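Oh and the sequence shown: position 82 is 82 in full-length UniProt numbering, straight run, nothing missing.
Take a look at the structure below.
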Amino acid sequence: MKYAFVLAFMMVSAEMAYARPSDMGEDCNAAYDEYLEAPAPKAFAKAKNDACGYQYSSSLADAKKRAVAYCVAHGGQECRVVESKKK
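Given below as structure tokens:
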């Protein structure tokens, strides 16, 4: 019984590790799904309008910089990193 609780807790914790950013269109939801599967270090950037982008790189700082640049290059207004993962 003790192990069932630990396993259930681990499953819930893994699901809670990422909270999908709100107010995203279909394209950004698809990009977010790709972001979740990408290797770390990685970053996901979102704009006030419907633009977004994600990148992974050898360093977290580079991934963040590139995610924001991608978001801006695709029409993003005031893009910012809303989620990142170092490892």
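Here a beta-carbon is modelled for each residue, glycine too, at the ideal position from N, C-alpha and C.
Quantities reported herein were computed from a predicted structural model and do not represent experimental measurements.
Extent of the continuous beta strand (DSSP E) to which residue i belongs
{"i": "R66", "result": "Per DSSP, R66 belongs to no beta strand (DSSP E); it is in the alpha helix (DSSP H), L60 to A73."}
{"i": "Q55", "result": "C52 to Y56"}
{"i": "A43", "result": "K42 to K46"}
Sequence-distant residues of the same chain with beta carbon closer than 6 Å to residue i, five excluded per side
{"i": "K87", "result": "A40"}
Same chain only: Cβ atoms within 8 Å of residue i, ignoring 5 sequence neighbours per side
{"i": "S59", "result": "P41"}
Proximity to residue i [Cα-Cα], best of the options
{"i": "E34", "options": "N49, K48 and Y56", "result": "Y56"}
{"i": "A69", "options": "E83, Y54 and V82", "result": "Y54"}
N- and C-terminal bounds of the alpha helix (DSSP H) containing residue i
{"i": "E83", "result": "Counting along the chain, E83 falls outside any alpha helix (DSSP H), though it belongs to the beta strand (DSSP E) covering R80 to K85."}
{"i": "A31", "result": "E26 to E37"}
C-beta atoms of residue i and residue j nearer than 8 Å
{"i": "E26", "j": "K48", "result": "no"}
{"i": "D62", "j": "C28", "result": "no"}
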